[in-house]
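Peer 1: So that we are looking at the same thing, I have put the structure below in structure tokens.
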Amino acid sequence: MTRRLGLVLPILLIAGWETVAIIINNPFYLPRLESVIPVLLNPFSTDYTLGTGSLVDNALVSIERVIIGFGLAAAVAIPLGIGMGRSSRINDFFDTTLEMLRPVPPLAWVPLALAWFKLGIASIVFIIFIGSVFPILLNTIDGVRGVKKTWIEVGTTLGASERQVLAKIIVPGAAPTIWTGLRVGFGIAWMCVVAAEILPGPTSGLGYLIMYAYNQGQMNVIVAGMITIGVIGLGIDLLFKAVERRFFSWRGLDR
Amino acid sequence: MNLRLRDVSRTFTTEKGETIDALSHISFDIRDQEFICILGPSGCGKTTILRIIADLESATSGTISINGTTVAGPNPRMAMIFQEYSLYPWRNVEENVMLGLEIRGVKKTEREEIAKNYLELVGLKGFGSSFPYELSGGMRQRVAVARALAIDPSILLMDEPFGALDAQTRNRMQHELLDIWQKTKKTILFVTHSVDEAVFLADRIIVLTRRPGTIREIVPVPGERPRERTGESFARIRRHLLDMINEESEAIQ
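As given, the protein sequences belong to chains Z and G, one line each in that order. For the first sequence, counting from 1, position 220 maps to 220 in our numbering; every step adds exactly one. For our numbering, add 255 to where a residue sits in the second sequence, where the first one is 1.
Structure representation (structure tokens):
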């Protein structure tokens, strides 16, 4: 029932959009549905995208960039977060610096990124990294701090070394919260890649595609591109949630 | 295995910088396979004694020795069972019981064999693949007991393990613990604030004073087990202990 209820609003929005598009009757303001749908139905075709690669080509490029930037962010944030959550000395050393960097929006890093990495994938990856590293870090720290003291003490009395405590108790105990951080971080990474691709420089990616379509006055391609961005984001989030249900359901059931 | 405490004291420093004496000059000896209860008013430092023996906290002064050798660092011959819920919710029952063996590098087939035996001992045969959230409070503490026994310690340190259970479950668990104790021949050091529980279980009861905890009296409890809770000698010892505890508690207020 809830599922079906969730479909009502999108249907209403599409109907409203189509009505307004018909009334306005200007494809440079609002394209009609029938001009957007063919773009979405032929995702491998380059006919609509004016020589910038198909929708799928561009989506794959964006996904690849996100995976690299997000992967690097996770590789830095998870170990650092475990260290900061576990040791107040490590925390004190990094905390002030990170709390000062955290409010700087990813896009504010663009000029520096361009100066350091020039145009190209490295600066986009850098922006994604900046965007997703903090939610992963903060959730990891939270998760590690939330591991019950008794769980750790049981391990210690059973003879666990610090390393075994980490591997068998801290990491699995913090895993659900770390996973939440990854999920939030990936959402931000996906927003960052599109934003970074809209900026001057890139010649591929979904962000580039919609900006390029704007320059060509192809509103239908812009809308199709935006829908693609939304659908991919939704799909990945569902994937994260499915893993959460499968492996971390104990968090909700534990009393 | 004999456990000996000599002049064990513990002071805490509060955030304001005040020093609080939690335990003062605790000395006692526990013989092999003895069942000892530590009884005292709340806040007297009973749990702190266990935590010091388990090396989760350190004594400010004094020594602890096992079979004449001074203990330093966590000792593989001891296992602790906590009052609060201590199972790992991401591990099933069998995996919980096997943790100590994993830490010691015992082979998987052997681990499973040992876990199976101890789960049977605590009456949880067939529950190996259940998860903690599927179990009642009593069953969870059985798992915790099996987990502690699995590493084959000589001394079991139990910190009010049945404190959170309802009265009936608690009585049943006390019976079963005595069975397990007789079968496995462990030395047990059991902290409780229940006079009844202490008299039912212990060979000797160490009664502590209010803070700073010192030993007020060590009361031997005669009588074959299982003891009759309504029996005359049971009542007499109970009376004597209650008087002491009441005195100590009143002095706090």
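The beta-carbon is built from N, C-alpha and C at its ideal position, and this holds for glycine as well. Computed from a predicted model, the values in this text were never measured in an experiment.
Assign M256(G) to one of three DSSP states: helix, strand, or coil.
Peer 2: Here residue 256(G) is taken as the residue at index 1 of the second sequence, counted from 1. It is coil, neither helix nor strand.
Peer 1: On the criterion of 16 or more Cβ atoms from any shown chain inside 10 Å, does W116(Z) qualify as buried, or is it exposed?
Peer 2: By 1-based counting over the first sequence, the position of residue 116(Z) is 116. When all chains shown are included, W116(Z) counts as exposed.
Peer 1: Starting from the Cα of N330(G), find the closest Cα among Y340(G), A309(G), S341(G) and V348(G) and give me that residue.
Peer 2: Reading the second sequence from its first residue, position 75 is the one you call residue 330(G). Looking at the Cα atoms, A309(G) is the closest of the given residues.
Peer 1: Alpha carbon to alpha carbon, how far is A113(Z) from E64(Z)? Give it in angstroms, no decimals.
Peer 2: Stepping through the first sequence from its first residue, residue 64(Z) is reached at position 64. Stepping through the first sequence from its first residue, residue 113(Z) is reached at position 113. Near 19 Å, if we compare the C-alpha coordinates of A113(Z) and E64(Z).
Peer 1: List the residues of chain G that K168(Z) touches, going by C-beta distances under 8 Å, in chain order.
Peer 2: Taking the first sequence and counting its residues from 1, the one referred to as residue 168(Z) is at position 168. Result: L354, E357 and I358.
Peer 1: Among residues of its own chain, excluding the 5 on either side of S35(Z), which ones have a beta-carbon nearer than 7 Å to its beta-carbon?
Peer 2: Locating residue 35(Z) in the first sequence gives position 35, counting from the first residue. So the list reads P27 and N220, once near-sequence residues are dropped.
Peer 1: Across which residues does DSSP place R266(G) in a beta bridge pair?
Peer 2: Locating residue 266(G) in the second sequence gives position 11, counting from the first residue. According to the sequence as given, residue 266(G) is Thr; it is not Arg. Note: T266(G) sits in a beta bridge opposite D276(G).
Peer 1: Let me know if R491(G) comes out buried or exposed under the rule of 16 or more other beta-carbons within 10 Å of its beta-carbon.
Peer 2: One-based indexing of the second sequence puts residue 491(G) at position 236. Classification of R491(G): exposed, given that the 10 Å Cβ count is below 16.
Peer 1: Just to confirm my understanding: we take T303(G), look at its own chain, exclude 5 residues before and 5 after, and list those with CB closer than 7 Å. What are they?
Peer 2: Numbered from its first residue, the second sequence carries residue 303(G) at position 48. The answer, listed in chain order, is R265, A277, L278 and E312.
Peer 1: Would L497(G) count as contacting chain Z if we go by Cβ distances under 8 Å?
Peer 2: Locating residue 497(G) in the second sequence gives position 242, where the first residue counts as 1. For L497(G), the answer is no, since every Cβ of chain Z falls outside 8 Å of its Cβ.
Peer 1: So with CB distances below 9 Å, who are the chain Z contacts of A309(G)?
Peer 2: Counted from its first residue, the second sequence places residue 309(G) at position 54. Going along chain Z in sequence order, the residues near A309(G) (Cβ under 9 Å) are E153, T156 and T157.
Peer 1: For L9(Z), count the other beta carbons within 10 Å of its own beta carbon; 16 or more makes it buried, fewer makes it exposed. Which is it?
Peer 2: The residue given as residue 9(Z) occupies position 9 in the first sequence. Exposed, because fewer than 16 other Cβ atoms sit within 10 Å of the Cβ of L9(Z).
Peer 1: Just tell me which of L411(G), R397(G), S449(G) and M353(G) has its CA closest to the CA of D287(G).
Peer 2: The sequence position of residue 287(G) within the second sequence is 32, counting from 1. Out of L411(G), R397(G), S449(G) and M353(G), L411(G) has the C-alpha closest to the C-alpha of D287(G).
Peer 1: When the distance is taken between beta carbons, is T325(G) closer than 8 Å to T318(G)?
Peer 2: By 1-based counting over the second sequence, the position of residue 318(G) is 63. By 1-based counting over the second sequence, the position of residue 325(G) is 70. The answer is yes: Cβ separation under 8 Å.
Peer 1: What three-state label does DSSP hand C299(G) in the structure shown?
Peer 2: Counting from one through the second sequence, the residue named residue 299(G) turns up at place 44. If DSSP states are grouped into helix, strand and coil, C299(G) belongs with coil.
Peer 1: Return the residues of the segment 406-426 of chain G that lie within a Cβ-Cβ distance of less than 7 Å from chain Z, sorted by chain order.
Peer 2: Listed by position along the chain: I406.
Peer 1: Per DSSP, what kind of secondary structure is G317(G) in: helix, strand or coil?
Peer 2: Here residue 317(G) is taken as the residue at index 62 of the second sequence, counted from 1. Of the three classes helix, strand and coil, the one that applies to G317(G) here is strand, per DSSP.
Peer 1: Give a yes or no on whether 8 Å exceeds the smallest Cβ distance from A160(Z) to chain G.
Peer 2: By 1-based counting over the first sequence, the position of residue 160(Z) is 160. At least one chain G Cβ lies under 8 Å of A160(Z).
Peer 1: If you run the structure through DSSP and keep just helix, strand and coil, what is A334(G)?
Peer 2: Working through the second sequence from its first residue, we reach residue 334(G) at position 79. DSSP places A334(G) in strand when its eight states are reduced to three.
Peer 1: Output the boundary residues of the beta strand (DSSP E) element that contains T447(G).
Peer 2: Residue mapping note: residue 447(G) aligns to position 192 of the second sequence, counting from 1. Start and end: T442 to T447.
Peer 1: Closer than 9 Å, Cβ to any Cβ of chain G: which residues of the segment 137-150 of chain Z, in chain order?
Peer 2: From the segment 137-150 of chain Z, only K148 and T150 have a Cβ closer than 9 Å to chain G.
Peer 1: Report the three-state DSSP secondary structure of S488(G) (helix, strand or coil).
Peer 2: Looking up residue 488(G) in the second sequence gives position 233. Note: S488(G) maps to helix in three-state DSSP.
Peer 1: What alpha helix (DSSP H) runs, 4 residues minimum, are completely inside the segment 416-476 of chain G?
Peer 2: Counting whole runs of 4 or more residues, the segment 416-476 of chain G contains the alpha helix (DSSP H) stretches 422-439 and 450-456.
Peer 1: Decide if R484(G) is buried, meaning its Cβ has at least 16 other Cβ atoms within 10 Å, or exposed.
Peer 2: For the purposes of this step, residue 484(G) is taken as the residue at position 229 of the second sequence. The residue is exposed, with fewer than 16 neighbouring Cβ atoms inside 10 Å.
Peer 1: Hey, does L182(Z) have any beta-carbon neighbour from chain G nearer than 8 Å?
Peer 2: Walking along the first sequence from the start, residue 182(Z) turns up at place 182. False, the Cβ-Cβ gap to chain G never drops below 8 Å.
Peer 1: Do we get a CB-CB distance below 8 Å when we pair W179(Z) with the residues of chain G?
Peer 2: Numbered from 1 along the first sequence, position 179 holds the residue referred to as residue 179(Z). Answer no: the Cβ-Cβ gap between W179(Z) and chain G never drops below 8 Å.
Peer 1: What residues from the segment 436-465 of chain G come within 8 Å of chain Z, judged by C-beta to C-beta, listed N to C?
Peer 2: Of all residues in the segment 436-465 of chain G, none has a Cβ within less than 8 Å of some Cβ in chain Z.
Peer 1: Classify M100(Z): buried if its beta carbon has 16 or more other beta carbons within 10 angstroms, exposed otherwise.
Peer 2: Translated into the one-based positions of the first sequence, residue 100(Z) becomes position 100. Exposed, because fewer than 16 other Cβ atoms sit within 10 Å of the Cβ of M100(Z).
Peer 1: Using the three-state DSSP reduction, which class does I307(G) fall into: helix, strand or coil?
Peer 2: Position 52 of the second sequence holds residue 307(G). Three-state result, I307(G): helix.
Peer 1: Can you give the Cα-Cα distance for P481(G) and T439(G), rounded to whole angstroms?
Peer 2: One-based indexing of the second sequence puts residue 481(G) at position 226. One-based indexing of the second sequence puts residue 439(G) at position 184. Computed Cα separation, rounded: 17 Å.
Peer 1: Cβ closer than 8 Å: which chain Z residues qualify as neighbours of F337(G)?
Peer 2: Locating residue 337(G) in the second sequence gives position 82, where the first residue counts as 1. Per Cβ cutoff of 8 Å: T150, E153 and V154.
Peer 1: Closer than 8 Å, CB to CB, is A334(G) near chain Z or not?
Peer 2: Here residue 334(G) corresponds to residue number 79 of the second sequence, with the count starting at 1. So, interface residue.
Peer 1: Determine the extent of the beta strand (DSSP E) in which F290(G) is found, giving its start and end residues.
Peer 2: Residue numbering aside, residue 290(G) sits at position 35 when the second sequence is read from its first letter. Residues F290 to L294.
Peer 1: Could you tell me the distance, in whole angstroms, from the CA atom of R89(Z) to the CA atom of W345(G)?
Peer 2: In the first sequence, the residue the question calls residue 89(Z) occupies position 89. In the second sequence, the residue the question calls residue 345(G) occupies position 90. For R89(Z) and W345(G), the distance between alpha carbons rounds to 29 Å.
Peer 1: Could you compute how far the alpha carbon of S320(G) sits from the alpha carbon of T268(G)?
Peer 2: Within the second sequence, the letter at position 65 stands for residue 320(G). Within the second sequence, the letter at position 13 stands for residue 268(G). S320(G) and T268(G): Cα-Cα distance of roughly 26 Å.
Peer 1: From what residue to what residue does the alpha helix (DSSP H) around D287(G) run?
Peer 2: Here residue 287(G) corresponds to residue number 32 of the second sequence, with the count starting at 1. Taken as a continuous stretch (DSSP letters only), D287(G) belongs to no alpha helix (DSSP H), as it is neither H nor E.
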